[in-house]
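The next block holds one structure in the form of structure tokens; read it before the comments.
Residue numbers (my numbering), protein chains in the order written: chain X, 1 to 160; chain H, 1 to 180.
Printed below as a string of structure tokens:
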């Protein structure tokens with residue numbers, strides 16, 4: 001049993017380690033780890049416009065390779081900040097390239113829409129639950145009707 | 001008795017339906033360009049058909065012009081070629097070609113065989129200017145006014161319909177504005 005466990009853990013580790021190797025990027029050189037993580041993190045967060053559900057890191061489109069070169073030039077060769085590189089990309093391709101859209105007036109609905117819907121759902125649920133549990137004392141008329149129903153010996157529908 | 005609360009699902013259905021219907025009419029591969037109403041990025045590229053000489057937006061000041069990004073490897077460019085030919089020949093629209101990530105010999109052969117709708121073609125073999133313009137799907141066509149401001153962008157091939165209904169009226173309007 002432990003042998004099976006060990007084998008499967010080894011397999012999982014091997015698969016996890018293999019993932020970065022599949023990435024489409026060419027081999028890069030970095031001066032330090034911070035530079036490398038800035039470059040790699042940015043690529044993960046930018047959408048490739050050619051194949052829109054892939055990030056720049058994973059896309060093998062021609063344009064993605066060009067943009068990786070640009071990002072490399074910006075954050076590694078010219079040592080610019082992450083913000084500057086994002087600014088460079090959005091100035092050319094628009095906010096759509098960012099998987100995490102920036103918070104601004106036109107994206108408020110996008111950011112807060114789900115919260116608003118959740119709150120709305122909460123209010124509706126609250127109102128319904130309140131209505132169901134609401135009780136009030138019976139009027140005299142209702143009392144009388146209930147008593148008649150309960151004391152009648154016939155269970156079937158009333159004959160006319 | 002029809003009570004208002006029974007209308008809630010219907011209203012919800014209509015609201016969601018309208019949102020989804022609008023969403024269906026939009027093509028997600030056409031991303032709005034952030035360059036609209038901004039100055040066209042400056043560039044100076046070698047001319048495609050000459051050993052020397054360069055061309056860029058600066059040379060176009062005072063004119064309303066189209067910037068068409070094309071390449072011999074691009075299928076959409078084949079499709080829109082006759083539209084551009086007509087725009088240039090019949091409507092007298094000034095079109096600057098930008099040959100994007102292409103080979104010079106192949107590009108010259110293409111223009112020779114099919115006809116040349118461009119008054120000049122710039123040559124961008126590495127696609128650096130393409131990045132500055134936010135090009136991601138060749139062909140792309142920009143309408144640029146006399147002040148060098150980008151007014152319109154078509155992503156993908158320009159159809160005869162787009163030319164006649166969107167691009168030509170805009171060009172005429174901008175030309176009138178430039179004269180007055």
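From the three backbone atoms N, C-alpha and C, an ideal C-beta is built for every residue, glycine too. None of the values given here were measured: they were computed from a predicted structure.
Is DSSP giving residue i helix, strand or coil here?
i, result
"residue 121(H)", "strand"
"residue 167(H)", "helix"
"residue 114(X)", "helix"
"residue 73(H)", "coil"
"residue 8(H)", "helix"
"residue 48(H)", "coil"
"residue 28(X)", "coil"
"residue 20(X)", "Note that residue 20(X) has pLDDT 49, beneath the 50 cutoff, so the model's placement of it is unreliable and the number below is only indicative. Three-state result, residue 20(X): helix."
"residue 152(X)", "coil"
"residue 14(H)", "helix"
"residue 138(X)", "coil"
"residue 54(H)", "strand"
"residue 143(X)", "helix"
"residue 175(H)", "helix"
"residue 27(H)", "coil"
"residue 103(X)", "coil"
"residue 3(H)", "coil"
"residue 33(H)", "coil"
Which residues in the same chain as residue i place their Cβ atom closer than 7 Å to its Cβ, once the five residues preceding and following it in sequence are excluded?
i, result
"residue 91(H)", "168"
"residue 141(X)", "none"
"residue 107(X)", "101"
"residue 36(X)", "30"
"residue 61(X)", "48, 50 and 51"
"residue 114(H)", "81"
With which residues is residue i paired in a DSSP beta bridge?
i, result
"residue 55(X)", "47(X)"
"residue 150(H)", "144(H)"
"residue 39(H)", "149(H)"
"residue 65(H)", "94(H) and 144(H)"
"residue 155(H)", "140(H)"
"residue 98(X)", "46(X)"
Is it the case that the CB of residue i approaches a heavy atom of the ligand ADP more closely than 8 Å?
i, result
"residue 9(X)", "The model depicted lacks the ligand ADP and carries no ligand whatsoever."
Excluding the 5 residues flanking residue i on each side, which residues of the same chain have their C-beta closer than 8 Å to its C-beta?
i, result
"residue 30(H)", "155 and 156"
"residue 42(H)", "56, 57 and 58"
"residue 110(H)", "72"
"residue 45(H)", "54, 55, 56, 98, 122, 123, 124 and 129"
"residue 9(X)", "none"
"residue 116(X)", "none"
"residue 55(X)", "43, 44, 45, 46, 47, 48 and 99"
"residue 127(H)", "100, 101 and 135"
"residue 160(H)", "83 and 86"
With residue i and residue j assumed to form a contact (beta carbons below 8 Å), what rounded beta-carbon distance in angstroms separates them?
i, j, result
"residue 84(H)", "residue 117(H)", "4 Å"
"residue 124(H)", "residue 100(H)", "5 Å"
"residue 54(H)", "residue 47(H)", "7 Å"
"residue 85(X)", "residue 42(X)", "6 Å"
"residue 98(H)", "residue 122(H)", "5 Å"
"residue 152(H)", "residue 142(H)", "7 Å"
"residue 35(H)", "residue 150(H)", "5 Å"
"residue 97(X)", "residue 46(X)", "5 Å"
"residue 87(H)", "residue 163(H)", "6 Å"
"residue 16(H)", "residue 67(H)", "Going by Cβ atoms, the distance from residue 16(H) to residue 67(H) rounds to 40 Å, so no, they are not a contact pair."
"residue 28(X)", "residue 72(X)", "6 Å"
"residue 158(H)", "residue 80(H)", "5 Å"
"residue 39(X)", "residue 75(X)", "5 Å"
"residue 69(H)", "residue 140(H)", "5 Å"
"residue 64(H)", "residue 175(H)", "5 Å"
What ranges does the alpha helix (DSSP H) occupy inside the stretch 93 to 148 of chain H, keeping only unbroken runs of at least 4 residues that lie completely in it? 104 to 114 and 128 to 133
In chain order, which alpha helix (DSSP H) runs of at least 4 residues are fully inside the stretch 58 to 86 of chain X? 62 to 72
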